[in-house]
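There are 2 protein chains.
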Amino acid sequence: MRLADLPTPALVLDRARLRRNVQAMTERYKKLGIRLRPHLKTAKSADVARMAVSGHFGGITVSTLKEAEHFAANGFRDILYAVCIAPSKLGQAAALVKSGATLTIVTDDLDAAKAIAARGAGLGVVFDVLIEVDCGEHRSGIPVDSDALMAIGGELHAGPGSRLAGIMVHAGHSYACRSLEAVAEIAEAERSAGVRAAERLRAAGLPAATVSMGSTPTALHGRNYDGITEVRCGVYMFGDLFQSEIGSCGKDDIAVSVLSSVIGQRRSENRVLIDAGFLALSKDRSTANTPHDVGFGRVADLSGGLGLGDVTVVGVHQEHGMVEGRTPLPFDRLPVGARVRVLPNHACITSAAYDRYHVIDGSDEIVAVWPRCNGW
Amino acid sequence: MRLADLPTPALVLDRARLRRNVQAMTERYKKLGIRLRPHLKTAKSADVARMAVSGHFGGITVSTLKEAEHFAANGFRDILYAVCIAPSKLGQAAALVKSGATLTIVTDDLDAAKAIAARGAGLGVVFDVLIEVDCGEHRSGIPVDSDALMAIGGELHAGPGSRLAGIMVHAGHSYACRSLEAVAEIAEAERSAGVRAAERLRAAGLPAATVSMGSTPTALHGRNYDGITEVRCGVYMFGDLFQSEIGSCGKDDIAVSVLSSVIGQRRSENRVLIDAGFLALSKDRSTANTPHDVGFGRVADLSGGLGLGDVTVVGVHQEHGMVEGRTPLPFDRLPVGARVRVLPNHACITSAAYDRYHVIDGSDEIVAVWPRCNGW
Numbered sequence: 001m002r003l004a005d006l007p008t009p010a011l012v013l014d015r016a017r018l019r020r021n022v023q024a025m026t027e028r029y030k031k032l033g034i035r036l037r038p039h040l041k042t043a044k045s046a047d048v049a050r051m052a053v054s055g056h057f058g059g060i061t062v063s064t065l066k067e068a069e070h071f072a073a074n075g076f077r078d079i080l081y082a083v084c085i086a087p088s089k090l091g092q093a094a095a096l097v098k099s100g101a102t103l104t105i106v107t108d109d110l111d112a113a114k115a116i117a118a119r120g121a122g123l124g125v126v127f128d129v130l131i132e133v134d135c136g137e138h139r140s141g142i143p144v145d146s147d148a149l150m151a152i153g154g155e156l157h158a159g160p161g162s163r164l165a166g167i168m169v170h171a172g173h174s175y176a177c178r179s180l181e182a183v184a185e186i187a188e189a190e191r192s193a194g195v196r197a198a199e200r201l202r203a204a205g206l207p208a209a210t211v212s213m214g215s216t217p218t219a220l221h222g223r224n225y226d227g228i229t230e231v232r233c234g235v236y237m238f239g240d241l242f243q244s245e246i247g248s249c250g251k252d253d254i255a256v257s258v259l260s261s262v263i264g265q266r267r268s269e270n271r272v273l274i275d276a277g278f279l280a281l282s283k284d285r286s287t288a289n290t291p292h293d294v295g296f297g298r299v300a301d302l303s304g305g306l307g308l309g310d311v312t313v314v315g316v317h318q319e320h321g322m323v324e325g326r327t328p329l330p331f332d333r334l335p336v337g338a339r340v341r342v343l344p345n346h347a348c349i350t351s352a353a354y355d356r357y358h359v360i361d362g363s364d365e366i367v368a369v370w371p372r373c374n375g376w
Numbered sequence: 377m378r379l380a381d382l383p384t385p386a387l388v389l390d391r392a393r394l395r396r397n398v399q400a401m402t403e404r405y406k407k408l409g410i411r412l413r414p415h416l417k418t419a420k421s422a423d424v425a426r427m428a429v430s431g432h433f434g435g436i437t438v439s440t441l442k443e444a445e446h447f448a449a450n451g452f453r454d455i456l457y458a459v460c461i462a463p464s465k466l467g468q469a470a471a472l473v474k475s476g477a478t479l480t481i482v483t484d485d486l487d488a489a490k491a492i493a494a495r496g497a498g499l500g501v502v503f504d505v506l507i508e509v510d511c512g513e514h515r516s517g518i519p520v521d522s523d524a525l526m527a528i529g530g531e532l533h534a535g536p537g538s539r540l541a542g543i544m545v546h547a548g549h550s551y552a553c554r555s556l557e558a559v560a561e562i563a564e565a566e567r568s569a570g571v572r573a574a575e576r577l578r579a580a581g582l583p584a585a586t587v588s589m590g591s592t593p594t595a596l597h598g599r600n601y602d603g604i605t606e607v608r609c610g611v612y613m614f615g616d617l618f619q620s621e622i623g624s625c626g627k628d629d630i631a632v633s634v635l636s637s638v639i640g641q642r643r644s645e646n647r648v649l650i651d652a653g654f655l656a657l658s659k660d661r662s663t664a665n666t667p668h669d670v671g672f673g674r675v676a677d678l679s680g681g682l683g684l685g686d687v688t689v690v691g692v693h694q695e696h697g698m699v700e701g702r703t704p705l706p707f708d709r710l711p712v713g714a715r716v717r718v719l720p721n722h723a724c725i726t727s728a729a730y731d732r733y734h735v736i737d738g739s740d741e742i743v744a745v746w747p748r749c750n751g752w
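Here it is as structure tokens:
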């Protein structure tokens with residue numbers, strides 16, 4: 001089957017670009033001598049995960065326990081669930097540990113730490129736990145210099161059902177940077193926060209073997225990772241228009257796109273309609289505040305090239321995308337039935353609308369269909 | 377099982393509210409003597425569809441052929457696929473017709489009409505086709521007074537593989553109204569455009585038995601439906617915060633919500649974190665330009681009540697929602713592990729993240745689990 005034969009909309013994954021993106025990050029961390037723990041929240045695919053861990057120790061990061069179960073069932077044994085856990089999820093987490101997975105969980109809350117330490121024993125497991133510290137994003141994580149860090153560390157170390165594994169830190173605010181210099185500064189803040197938190201624990205006689213940091217920008221553009229034991233990142237595998245805007249990839253590196261059909265023309269308004277709307281593309285507007293606002297996605301031709309001109313999806317309804325150009329659209333190339341590929345603002349959210357990837361590799365032939373693990 | 381026991385995030389459907397919303401619309405159109413053809417693009421559920429068609433002729437509207445197949449397999453035989461069809465989908469549409477469904481398709485393009493008329497014969501079917509006309513939204517549909525209307529009508533009437541069934545019109549721009557008076561005006565523009573287009577066809581000796589109009593606001597607030605043969609609407613079944621802002625429902629009518637767990641507190645910032653982020657809630661910001669901007673959703677307590685105060689989701693990451701209040705949050709009611717329910721800005725997009733509804737009806741007990749039909 002070829003791209004021209006697929007029902008639309010459909011999610012296309014360019015394996016050649018994926019391979020190149022994955023290999024670049026793998027090589028970087030091999031050279032740095034630091035363990036790479038790829039984050040699978042973007043790809044949610046065992047096929048992609050196998051490429052991403054190749055050349056490293058095999059550990060992965062996930063954002064849901066459903067992903068953890070999916071990857072464990074596909075042979076991945078060392079899994080970090082990198083979202084602070086709600087105590088109601090401990091039974092599900094314990095079942096994974098009992099199945100043989102090395103599952104590490106995360107908290108930044110003293111009451112949750114007490115629940116983990118207490119309930120692990122009753123569930124018949126000892127949970128490996130990282131404490132999340134904040135390095136400036138102010139999303140989750142406690143302050144590095146807080147009393148809470150030591151209190152949580154003490155609970156997790158002493159508890160019968162928990163083992164203090166170390167520190168996790170995430171510089172999500174690196175996405176707000178508009179220069180690589182600024183990203184490098186945030187990477188250093190992320191590194192130093194993680195290392196300082198671990199040192200505080202160790203100085204108090206508490207273990208902190210792991211210091212885990214990461215986001216795609218800070219994984220790519222940090223200058224110093226001293227004291228860091230592993231780096232997490234995910235969207236680098238696919239890239240997207242927002243990552244391109246902040247310097248994490250080029251437009252030619254973007255590995256996922258939405259295959260769509262033209263379903264209408266409005267020549268008087270220099271517009272065509274496609275069958276990819278907000279369900280197929282998402283309502284993500286990450287590029288709105290970047291130098292190149294591409295609306296709900298940049299429109300490429302069937303080959304993935306940008307030869308149609310500066311053409312973007314300017315509006316979305318549920319199953320309609322409104323496509324306009326800055327210059328007159330090449331309507332003869334865009335009759336009803338013509339196919340285009342929409343590059344996403346944000347690969348994580350656009351991909352989540354699909355239950356599978358249609359994989360291409362150097363041509364328009366579908367060489368594989370890879371399932372995704374969505375939902376909770 | 378009760379709401380307190382469900383893994384989070386999860387989609388909750390309040391059947392009592394759903395029933396009330398559905399019955400009100402059913403009664404309205406029974407009294408008006410007009411056929412109601414509920415749009416299932418929001419619910420994507422055969423269980424909901426059975427409630428929505430009760431008391432009417434049984435016809436439904438869908439936004440994808442996958443929905444059409446799902447509903448046909450569940451016993452619904454009269455289905456309008458209300459998005460202009462890409463010719464590559466005609467084979468899939470023909471298979472549905474051959475399976476016994478009365479499927480009506482839509483176009484607004486002369487070349488597509490020619491393809492439908494020609495290919496139907498080869499596929500062994502005669503397609504029933506509505507012509508979409510524009511009533512001011514300028515999304516899809518041709519102008520009522522255009523030559524194209526007559527040309528498309530002629531092709532569909534003469535073609536061996538098509539039957540001209542009439543006119544479809546949709547006033548999606550009713551969503552931009554901020555008063556019921558303005559909605560009523562747009563409903564009249566929608567009605568009159570549909571009726572005028574049908575009259576033009578009939579005056580030329582072409583058939584136009586069906587004149588189908590509808591959107592939830594214009595279905596609720598139109599004053600005159602003369603000449604209209606059926607009305608389509610969908611989001612009225614669930615309601616949402618945006619529909620509440622534009623007067624289509626009250627907040628107490630909103631039937632879907634996202635059950636979520638608190639996973640962190642940041643008291644210094646008057647904030648808690650929940651495990652519902654942009655995948656669980658979507659990035660829809662429909663209320664941004666309404667009098668009550670609720671960010672990414674309004675936060676209710678486990679009962680669905682608004683007793684936590686004016687509390688909203690102010691930011692979303694993939695699996696994190698940042699919840700803040702205009703007044704100090706009741707942190708004692710929101711410890712890590714506490715459960716809340718987030719009312720959505722836009723029921724259609726938030727629901728699409730889930731493969732099932734957890735149904736409640738007057739208590740916190742889950743009385744049913746209803747599957748959804750997502751994707752393409």
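Line by line, the protein sequences are chains D and U.
Residue 376, in the working numbering, is where the first sequence stops; the numbers in between run on with no holes.
Residue 752, in the working numbering, is where the second sequence stops; the numbers in between run on with no holes.
For every residue, glycine included, the Cβ atom is placed at its ideal position computed from N, Cα and C.
Computed from a predicted model, the values in this text were never measured in an experiment.
According to a CB-to-CB cut-off of less than 8 angstroms, which residues of the region 627-661 of chain U neighbour chain D?
SER637, VAL638, ILE639, GLY640, GLN641, ARG642, GLU645, LEU649, ASP651, PHE654, LEU655, ALA656, SER658, LYS659, ASP660, ARG661
Quick check: U/SER633 and D/ALA86, are their CB atoms within less than 8 angstroms of each other?
no
Please list, in chain order, the chain D residues whose beta carbon lies closer than 8 angstroms to that of U/GLN779.
Here chain U has residues from 377 to 752 only, and residue 779 of chain U is not among them.
What first and last residue would you give for the alpha helix (DSSP H) that runs through D/LEU279?
278-281
For chain D, find out if any of its Cβ atoms is closer than 8 angstroms to the Cβ of U/ASP616; answer yes or no.
no
Taking just the CA atoms, how far does D/ALA171 sit from D/CYS177?
One alpha carbon belongs to D/CYS177, the other to D/ALA171, and they sit about 11 angstroms apart.
Of the residues D/GLU132, D/ASP108, D/SER88, the one placed nearest D/GLY120, counting alpha carbons only:
Of the listed residues, the one whose Cα sits closest to D/GLY120 is D/SER88.
Restricting to Cα atoms, I'd like to know which of D/ILE263, D/ARG333, D/VAL314 is closest to U/ALA491.
When only C-alpha atoms are compared, the closest one is D/ILE263.
For D/ARG267, which residues in the same chain have their Cβ closer than 7 angstroms to its Cβ, ignoring the five residues on either side in sequence?
Scanning its chain for C-beta atoms nearer than 7 angstroms, with the 5 sequence neighbours on each side dropped, one finds around D/ARG267 the residues PHE331, in chain order.
What is the DSSP secondary structure of U/LEU705, counted as helix, strand or coil?
U/LEU705: coil per DSSP, three-state reduction.
Note down, one range per segment and in chain order, each alpha helix (DSSP H) of at least 4 residues found wholly within the region 385-466 of chain U.
391-408, 422-429, 441-449
Chain U within 8 angstroms of D/ILE105, Cβ atoms only
no
Would you mind sorting D/VAL369 into buried or exposed? The rule is 16 or more other CB atoms within 10 Å of its CB.
exposed
If you pair each beta-carbon of the region 215-226 of chain D with each one of the region 154-165 of chain D, do three or more pairs fall below 8 angstroms?
no
Could you have a look at U/GLY691 and say whether DSSP puts it in helix, strand or coil?
U/GLY691 falls in the strand class under three-state DSSP.
Can you have a look at D/HIS346 and say buried or exposed, based on whether 16 or more other CB atoms are within 10 angstroms of its CB?
buried
Quick one: is D/PRO9 buried, meaning 16 or more other Cβ sit within 10 Å of its Cβ, or exposed?
Buried.
Listed in chain order, which residues of the region 300-328 of chain D have Cβ atoms closer than 9 angstroms to some Cβ of chain U?
Under the 9 angstroms Cβ criterion, the region 300-328 of chain D contributes GLY315, HIS317, GLN318, GLU319, HIS320, MET322.
Would you give the residue range spanned by the beta strand (DSSP E) that D/HIS358 belongs to?
356-360
Going by Cα to Cα distance, which pick from D/VAL336, D/PHE278, D/VAL323 is closest to U/HIS514?
D/VAL323
Under a three-way DSSP split, which group does U/ARG576 fall into?
helix
Would you say D/VAL235 and D/MET213 are within 8 angstroms of each other, going by their C-beta atoms?
no
Please decide whether D/TYR29 counts as near chain U, where near means a Cβ-Cβ distance under 8 angstroms.
no
Please identify the residue among U/ASP616, U/GLY570, U/ALA580, U/ARG599 whose C-alpha is closest to the C-alpha of U/MET526.
U/ALA580
Closest by CA to U/PRO731, which one among D/VAL340, D/GLY375, D/PRO371?
For clarity, residue 731 of chain U is Asp in the given sequence; the question names Pro instead. Among D/VAL340, D/GLY375, D/PRO371, the Cα nearest to that of U/ASP731 is on D/GLY375.
Span of the alpha helix (DSSP H) around D/THR216:
216-221
Can you list, in chain order, the residues of its chain with a C-beta nearer than 7 angstroms to that of D/GLU245? Leave out the 5 residues immediately preceding and following it.
THR287, THR290, PRO291, HIS292
What does the Cβ neighbour count give for U/SER475, buried or exposed, with the cut at 16 atoms within 10 Å?
exposed
Coarse secondary structure for D/GLU155, derived from DSSP in three states
helix
Is there a Cβ from chain U that is less than 8 angstroms from the Cβ of D/CYS84?
yes
Report yes if the C-beta distance between D/LEU103 and D/ALA68 is below 8 angstroms; otherwise report no.
yes
Quick one: residues in its chain with C-beta nearer than 6 angstroms to the C-beta of D/ALA193, no 5 flanking neighbours on either side, listed in chain order?
VAL133, CYS135, VAL144, VAL169
For U/TRP746, decide whether its Cβ has a neighbour in chain D, counting only Cβ atoms nearer than 8 angstroms.
No, its Cβ sits nowhere closer than 8 angstroms to a Cβ of chain D.
Is U/MET613 buried or exposed, if buried means 16 or more other CB atoms sit within 10 Å of its CB?
U/MET613 is buried by the Cβ-count criterion.
Checking contacts by CB at 8 angstroms: is D/VAL336 closer than that to chain U?
So yes, D/VAL336 belongs to the interface.
D/VAL359 and D/ARG35: beta carbons closer than 8 angstroms?
No. Outside cutoff.
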